[in-house]
Amino acid sequence: METNQQQPIKRGEFLRSLGLSSAALMAFYCMGTLTSCSKGSDDPEPEPTPGNLDVTLDLTQPDFKALQTPGGYAYHEDILIARVKNGNYVALSKVCTHQSSTVFYRPATDDIFCATHGSEYTTAGVVKVPAESGQKNLTQYKTSVSGNNLRITG
Ligand code: FES
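Each residue of the sequence shown is one higher than the one before, counting from 413 in our numbering.
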């Protein structure tokens, strides 16, 4: 008796059935995960994820001069650091949760803004004006100051 049932085929078997060489298969596998196939020493740092971030910034460095006065902000890798109106430091992901544009601090309204589609966040990263329903909050990190050093953890 003949049946039309097809057995599931694994991705590697399917690709081999196309006549691809081992090198071609490796290149194919690496296309979607370039970072996992590259182990060079000059690779960029991985994006910090909540729970493993611990950086200390020297606030006297030129990159962070804007943080010397309330209303200023700066970036360190994927982190937005703002010296908010009350003088405290806040650290948030700089990546808008709508479509990944870079957000910035607005001292006039003491909030975080994304100019691409107009999303607004509180200085705690909570969405106030979303560009789309269900938009997520920005990741917020903890900050502490010791002398001229700002430590960001999360
Ligand atoms: S990318 Fe930020 S509001 Fe759309």
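Glycine included, every Cβ here is placed at the ideal spot set by N, Cα and C.
What you are looking at is a predicted structure, and each value in this text was computed from that prediction instead of being measured.
When burial is assigned at 16 or more other CB atoms within 10 Å of the CB, is Thr509 buried or exposed?
As a working note, residue 509 is residue 97 in the sequence shown. By the 10 Å Cβ count, Thr509 comes out buried.
Is Thr528 a contact residue of ligand 1, with contact defined as CB to any heavy atom under 7 angstroms?
Here residue 528 refers to the residue found at position 116 when the sequence shown is read from its first residue. For ligand 1, at least one heavy atom lies less than 7 angstroms from the Cβ of Thr528.
State yes or no: is the C-beta of Pro552 nearer than 7 angstroms to some heavy atom of ligand 1?
The residue labelled residue 552 in the question sits at position 140 within the sequence shown. At residue 552 the sequence reads Gln, which differs from the Pro that was named. Flag unset: Cβ of Gln552 not near ligand 1.
Does the distance from the CB of Met469 to the CB of Arg495 come in under 8 angstroms?
In the sequence shown, residue 469 corresponds to position 57, counting from 1. In the sequence shown, residue 495 corresponds to position 83, counting from 1. The sequence given here places Leu at residue 469; Met does not occur at that position. No.
Does the distance from the CB of Leu465 to the CB of Tyr553 come in under 8 angstroms?
Mapped onto the sequence shown, residue 465 falls at position 53. Mapped onto the sequence shown, residue 553 falls at position 141. It is a contact, given that the beta carbons lie within the stated cut-off.
Mapping the DSSP letters down to three states, classify Lys540 as helix, strand or coil.
Taking the first residue of the sequence shown as position 1, residue 540 is located at position 128. It is a strand residue.
Do the CB positions of Ile564 and Ala486 come within less than 8 angstroms of each other?
By one-based count along the sequence shown, residue 564 stands at place 152. By one-based count along the sequence shown, residue 486 stands at place 74. Not a contact, by the Cβ cut-off of 8 angstroms.
Enclosing beta strand (DSSP E) for Asn561 [first to last residue]:
On the sequence shown, position 149 is the one that residue 561 refers to. Where Asn561 is concerned, the enclosing beta strand (DSSP E) stretches over Asn561 to Thr565.
Helix, strand or coil for Asp522 per DSSP?
If you number the sequence shown from 1, residue 522 lands on position 110. Of the three classes helix, strand and coil, the one that applies to Asp522 here is coil, per DSSP.
Where Tyr517 and Leu562 are concerned, what is the direct C-alpha to C-alpha distance, given to the nearest angstrom?
In the sequence shown, counting from the first residue as 1, residue 517 sits at position 105. In the sequence shown, counting from the first residue as 1, residue 562 sits at position 150. Their Cα atoms are separated by approximately 18 angstroms.
Looking only at its chain, what residues have a beta carbon closer than 6 angstroms to the beta carbon of Lys548, apart from the 5 residues adjacent to it on each side?
Here residue 548 refers to the residue found at position 136 of the sequence shown. For Lys548, where only same-chain residues beyond five positions count, the Cβ hits under 6 angstroms are Thr509.
With a threshold of 7 angstroms, establish whether the CB of Ser558 neighbours any heavy atom of ligand 1.
In the sequence shown, counting from the first residue as 1, residue 558 sits at position 146. No, ligand 1 has no heavy atom inside 7 angstroms of this Cβ.
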